[in-house]
Each structure stands twice: as structure tokens, then as C-alpha cells.
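Asks: Next up is a structure, given as C-alpha cells.
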Amino acid sequence: MSGLNDLKRLCEDLTILYIEDDVTIRTSMDAYLIKLFQKVLVAYDGMEGLELYKTNKVDLIITDLSMPRMNGLDMLKEIKKINENQAVLITSAHSESEYMFGAIRLGVDGYIIKPFDYPQLNTELFKITNKLNKFKENEQYKLHLQDMVSVKTLEITKLMMFESNNYEQTLVSMVEMIEERDTYTAGHSKRVAEYSKKIAQQMGYSEQECTKLYQAGILHDIGKVATPDTVLLNPKTLNAIEYKLIQEHVVVSYNLLKNIPMFKDLADIVRSHHERCDGKGYPRGLSGEEIEPLSRIMMVADAFDAMTTNRIYKPRKTVSEALSELVSLKLQQFHPEVVDSAVIALRDIKIDENISQTPKTKLEEERFAYFYKDTIGNIYNQNYLELILSKNSYEPEYKYMKLFTVHSFSQYNKKYGWKEGDIFLHSFAQSLVDYFKGALVFRVFGDDFVVMCKETIIVENLKPTLDALIKNTGIKYKIKSIDLSDVEINYISQIENA
Numbered sequence: 126m127s128g129l130n131d132l133k134r135l136c137e138d139l140t141i142l143y144i145e146d147d148v149t150i151r152t153s154m155d156a157y158l159i160k161l162f163q164k165v166l167v168a169y170d171g172m173e174g175l176e177l178y179k180t181n182k183v184d185l186i187i188t189d190l191s192m193p194r195m196n197g198l199d200m201l202k203e204i205k206k207i208n209e210n211q212a213v214l215i216t217s218a219h220s221e222s223e224y225m226f227g228a229i230r231l232g233v234d235g236y237i238i239k240p241f242d243y244p245q246l247n248t249e250l251f252k253i254t255n256k257l258n259k260f261k262e263n264e265q266y267k268l269h270l271q272d273m274v275s276v277k278t279l280e281i282t283k284l285m286m287f288e289s290n291n292y293e294q295t296l297v298s299m300v301e302m303i304e305e306r307d308t309y310t311a312g313h314s315k316r317v318a319e320y321s322k323k324i325a326q327q328m329g330y331s332e333q334e335c336t337k338l339y340q341a342g343i344l345h346d347i348g349k350v351a352t353p354d355t356v357l358l359n360p361k362t363l364n365a366i367e368y369k370l371i372q373e374h375v376v377v378s379y380n381l382l383k384n385i386p387m388f389k390d391l392a393d394i395v396r397s398h399h400e401r402c403d404g405k406g407y408p409r410g411l412s413g414e415e416i417e418p419l420s421r422i423m424m425v426a427d428a429f430d431a432m433t434t435n436r437i438y439k440p441r442k443t444v445s446e447a448l449s450e451l452v453s454l455k456l457q458q459f460h461p462e463v464v465d466s467a468v469i470a471l472r473d474i475k476i477d478e479n480i481s482q483t484p485k486t487k488l489e490e491e492r493f494a495y496f497y498k499d500t501i502g503n504i505y506n507q508n509y510l511e512l513i514l515s516k517n518s519y520e521p522e523y524k525y526m527k528l529f530t531v532h533s534f535s536q537y538n539k540k541y542g543w544k545e546g547d548i549f550l551h552s553f554a555q556s557l558v559d560y561f562k563g564a565l566v567f568r569v570f571g572d573d574f575v576v577m578c579k580e581t582i583i584v585e586n587l588k589p590t591l592d593a594l595i596k597n598t599g600i601k602y603k604i605k606s607i608d609l610s611d612v613e614i615n616y617i618s619q620i621e622n623a
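What follows is the structure in C-alpha cells.
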């Protein structure tokens, strides 16, 4: 968990309802919560808590379970009828009571056992308020999405008026707008346009229709100008909410293009490029002949480019492999006649093997660091190691691995506190970074470290530094060196076994 200041920042705009019948505990807890939250409502039992909830907007409820008049469990049942997603943290002196089990079955976000351990309370509050703030950000974004679309529409309309006499230059300007945010997406758009046109030509479409499809391919992801950077630039697998947000780019693209006279004919093509032949696509769930014919072509071109481009989490397919997969998805994802033409039109395509999501510039490395940084050690986290191991399995770059397992750290934490524990982990991590120049350093399993090296590095000269760091702490460490040409490690679980 981060520091108390970070917790205060997460809590400062939230309202909390605290219910506790014990006067001493209530007074002490109320005084503590007031220091963190914008507004703290206090109730003495479940009945009063329910009435306060009905008349106030509450972000988080902290409640005892065993109380007079109305217990916490009955109160929560009524509250869940009003808002099933209400965030709740329960407190109890009995971890195995029926009240506790009943509350957990209702769906709560956390629980703490009395008497309160404030570091544990802070941990639970940090977890819940962080989740609440992310949810609020997403809801705020959705509320303002239409305003963002209107603003972008106005901006692009003005651009169209300025460039109305030079159609091609206008297209280039819009593509450059995307390139400024995400170079991978921009390259993708150009390739989809090229592939779409080749397939359309193979299918016998007129030059005019092929040109229209090419232009639609260039602009098919223009709606991503309204996608938050935290979603668009995220190299990790998206969660459900993030995936919904990225899906909205199709509708945003359609709304942008339909209001610009010179692009109006492209809007319907773009809107349907994520539909599926079997009706399981988005945004409208169209199927078969309901899908715009030129969109059916773009669906195949878009998928082909995704298959033949290196992603951080999986290698690209060869042209032959990608075309075989397209054939296997006939009548499921793609229309058969489009796939048959794509097999002919794209079989001689030469793929640029340098196209990849892997960061190449310092700026792109910082973007990755945003998603993959371990905040305590200021190094990379376990999620990034998972991706590096996966990538290394098909594109070997790192030949050696050093494992640093730290022992007795939990006892150190208990004795000196989490803050001192974080300081120790940070110091240990920085010692590795300073010693292993050019290598990747990760924190894994809480208090262990992995170093991925391109060349073998002797660790003997590092030991004096680490020994000085653990002196008089009770902490011990072990080092294991692994030659990845002898031992295959593609997953985190294999490191645990090692």
C-alpha cells in the first residue's frame, strides 16, 4: 500500500457512513475517519444507519454487525436492495460468526476484526477507495463522452472547412492526429486501408468503391481520439470496463464522420467493422447480410493485420498462418466470399517484421513504465515479467536470470512496520538496478526479485552491498543464477518451482 498521504488523496472527495453501537470505539473511529474523508456520517445502530443512508449520498459504509434494534446484517440487506453495488467494509469482534458469514454472502468489499489494527484498516481503505475512485472516473468519463464527441466533431468540422479544397491532404491530417497519440494505431490504420483495397479489388469492386473503402480504412479508428489514454495506451489485457470503453470508439467514429459531409459515405462502413458474421460482434450485433458489404471486407483486413503484428503479449503469425486462421473462422467471424478473396489478395503480402508494440523510444518506455512500474521498488512489477517471459519464449533476448529470494521479511515488517519494510525493499531494489546495468529488474511474490540479463553477470561483487543492507535486520537472502538456454522458463509459476 502507498503512504497515508495517498490514502488521504483517495478519500478526500468521498462520503462515509459509519455505524457502531459501542460509544468508545465509535468516538475513536469517528475521530480517525474525519481526518481522511470529506464527510463522515455516524449512526448508533442499523436502524439509524439505514435512515441516514436513505437521505444521504454515501460512497462507503463501515458497519459493525452485532447491534441493537437492527443488526448490521439486516441493515445491509435493505441497503443492497437500494444499491446492490454499494461499497461496504464490515467490522466484527468475531471472525466466524453467522453475522460475518451472512455479510460476506451479501457481497462486501472487505472486513476487519476488532480491536482495530489501524495499518490493516488503512490497507482495506486504500483498496476500496482506490476502486471507488476508478469507478467514479469511468462514470465521469461516460457522462462527458457526448460532450467530448461534440467538441471533437466541431474541431474536425473546422478542419474539414479549412481543407475542403484538398481532400487527400485532409485525410493525411486526420491520420497524423492519430499518430500523435499512438504510433501503433496509426500504422495499423494505413495497413488496414491497404489490405481492404486489395481484397475489394480481388472481389471486383469498382475503383470508386475501392477508393471509398481505402479512405474508410484510414479513418476506421478515428473515434479513439475520445478514448482515455489509460485505456488506449494500455499494453496489458483490458478489464471489462476498459474493454467497454474501447468498444465505444466505433460509435464515436461513426458520429464524427456522419456529421462531416465529405466523410458521410464512410460512416456506415466504419461503424460495422467490428461486427461478426454470426452476430456476436459490436456495436449493434448485426449478422450475415445485415452487415454493410464494404464493412465485411474491413473486418477481415483488420483481423489480418492484428494477426500479423507483434503484440507485447503474443508473437505475430506468418501470412500463411493468418490466412489459415481466417479460413477457419468462416461463417463465425467472417463472410466466406470475403475470406476466399483475401486468401488470394493477401498471400504475397510482405510483413514488416519491425512492427511491434514493444517500446523503442525513451518516451514509449516511460509509457510502459506507467502500467508496469512497481511503486515501492521503482522497478518493474510481476505483470511485466509475465509479458517479458512470454515474449522471450518466441523471441529470445534475455539469456540469463538471477533470482533473489528474501527470507524473514515478514518478521522485519512486524517489528519495524510497513513503512520501514517499504524502505528496505526500495533500497534492495535500487542496489540491483545500480549493479545490473542494462538489465530488467522486477519485484515478484511480494519480497523477492528477478533480474533478466542479456549477458551473464557475476554477482560476487554485489554481495557486500546486500550484506551491509541486511546487517542487524534479521533478514536473509539467497541468490540463484539460471541459464535460460538450459532451463525453460516461460511463466511466473516456473520461477516459483525454480
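When you line the sequence shown up against this note's numbering, it's residues 126 to 623, in that order. All residues carry an ideal CB built from backbone N, CA and C; glycine is no exception. All values derive from a computational prediction rather than experimental measurement.
In whole angstroms, what is the alpha-carbon distance linking LEU591 and ASN181?
Replies: When rounded, the distance between both Cα atoms is 54 Å.
Asks: Quick one: complete alpha helix (DSSP H) runs, 4+ long, within the segment 146 to 206?
Replies: Listed in chain order, they are 148 to 159, 171 to 180.
Asks: So ILE343 and SER378 are supposed to be a Cβ contact under 8 Å. How far apart are they, rounded?
Replies: ILE343 to SER378, Cβ: 12 Å. No contact.
Asks: What does the alpha-carbon distance come out to for the pair VAL167 and LEU257?
Replies: Taking the straight line joining both Cα atoms gives about 20 Å.
Asks: Check whether the Cβ atoms of PHE553 and TYR509 lie closer than 8 Å to each other.
Replies: No.
Asks: For the segment 418 to 427 against the segment 332 to 342, are there 3 or more C-beta pairs whose distance is under 8 Å?
Replies: Cβ pair count under 8 Å is three or more, so yes.
Asks: Hey, VAL569 and ILE620 are a contact pair by Cβ (cut 8 Å); roughly how many whole angstroms apart?
Replies: Their Cβ separation, rounded to whole angstroms, is 7 Å, which keeps VAL569 and ILE620 in contact under 8 Å.
Asks: Here's the rule: buried if 16 or more other CB atoms are within 10 angstroms of the residue's CB, otherwise exposed. What is ARG194?
Replies: Under this definition ARG194 is an exposed residue.
Asks: Where DSSP assigns a beta bridge to THR140, which residues make up the other side?
Replies: According to DSSP, THR140 bridges with LYS164.
Asks: State whether the segment 601 to 618 contacts the segment 508 to 522, with contact taken as three or more CB pairs (one from each stretch) at a distance under 8 Å.
Replies: Judged by Cβ distances under 8 Å, the segment 601 to 618 makes contact with the segment 508 to 522, as three or more pairs qualify.
Asks: Taking only the alpha-carbon atoms, compute the straight-line gap between ALA212 and PRO353 and give it to the nearest angstrom.
Replies: So the alpha carbons of these two residues sit roughly 25 Å apart.
Asks: Check SER606 in the structure and name its three-state DSSP category.
Replies: Strand, per DSSP.
Asks: Is it buried or exposed for LYS349, if we count other Cβ within 10 angstroms and need 16 for buried?
Replies: LYS349 is buried by the Cβ-count criterion.
Asks: CB LEU565 to CB TYR497, shorter than 8 Å?
Replies: For LEU565 and TYR497, no; Cβs fall outside 8 Å.
Asks: What three-state label does DSSP hand ASP572 in the structure shown?
Replies: Coil at ASP572, not helix or strand.
Asks: Looking only at its own chain, which residues have a Cβ that is under 6 Å from the Cβ of PHE162, when we skip the five neighbours before and after it?
Replies: Around PHE162: CYS136, LEU139, ILE141.
Asks: Specify the secondary structure class of ASP499 as computed by DSSP and reduced to three states.
Replies: ASP499 falls in the strand class under three-state DSSP.
Asks: From the DSSP output, read off the bridge partner residues of LEU214.
Replies: DSSP, once it has assigned bridges, lists ILE187, GLY235 as partnering LEU214.
Asks: Below 7 Å CB to CB, which residues in the same chain sit around GLY232 once its five sequence neighbours on both sides are set aside?
Replies: Here the set comprises nothing.
Asks: Can you grab the Cα-Cα spacing for the pair LEU338 / ASP477, in whole Å?
Replies: Cα to Cα, the separation comes out at about 23 Å.
Asks: Taking THR216 as the reference, give the member of THR434, MET192, GLU613 with the closest Cα.
Replies: Ranking the options by Cα distance to THR216, first place goes to MET192.
Asks: Taking just the CA atoms, how far does ASP131 sit from LYS179?
Replies: Taking the straight line joining both Cα atoms gives about 30 Å.
Asks: Between which residues of its own chain and ARG316 is the CB-CB distance below 6 Å, once the five residues before and five after are set aside?
Replies: Taken in chain order, the residues that qualify are ASP430.
Asks: In the DSSP assignment, find the unbroken beta strand (DSSP E) run with LEU528 in it and report its ends.
Replies: Looking at the DSSP string, the run of the beta strand (DSSP E) that includes LEU528 is 525 to 532.
Asks: Could you round the C-beta distance between ASP189 and GLU145 to whole angstroms and report it? I think they count as a contact, below 8 Å.
Replies: Rounded, the Cβ-Cβ distance is 5 Å, consistent with contact.
Asks: Can you tell which of ILE186, ILE150, VAL183, ASN255 has the C-alpha that lies nearest to the C-alpha of PRO240?
Replies: Nearest C-alpha to PRO240: ILE150.
Asks: Out of ASP184, ILE501, SER449, CYS335, which one is the CA nearest neighbour of GLY546?
Replies: It is ILE501 whose Cα lies nearest to the Cα of GLY546.
Asks: I'd like to check one pair, ILE595 with LYS634: are the Cβ atoms closer than 8 Å?
Replies: Not covered by the structure: residue 634. The range shown for the chain is 126 to 623.
Asks: In angstroms with no decimal places, state the Cα-to-Cα distance between CYS402 and LEU451.
Replies: When rounded, the distance between both Cα atoms is 12 Å.
Asks: Inspect the beta-carbon positions of TYR560 and PRO440 and report whether they are closer than 8 Å.
Replies: No, the pair does not count as a contact, with Cβ atoms beyond the cut-off.
Asks: By the three-class DSSP mapping on this structure, what secondary structure does ILE548 have?
Replies: ILE548 falls in the helix class under three-state DSSP.
Asks: Please state whether DSSP places PHE388 in a helix, a strand or coil.
Replies: Helix, per DSSP.
Asks: By DSSP, does ASN586 sit in helix, in strand, or in coil?
Replies: DSSP places ASN586 in helix when its eight states are reduced to three.
Asks: Do you know how far the Cα of LYS539 is from the Cα of TYR236?
Replies: Cα-Cα distance, rounded: 21 Å.
Asks: Look at the alpha carbon of LEU609 and the alpha carbon of ASN622, and state the distance between them as a whole number of angstroms.
Replies: So the two alpha carbons sit approximately 14 Å from each other.
Asks: Can you give me the C-alpha to C-alpha distance between MET126 and ASN247, rounded to a whole angstrom?
Replies: With a pLDDT of 45 at MET126, under the threshold of 50, the modelled position of that residue is not reliable, and the figure given next carries that caveat. Looking at the two C-alpha atoms, the distance is approximately 8 Å.
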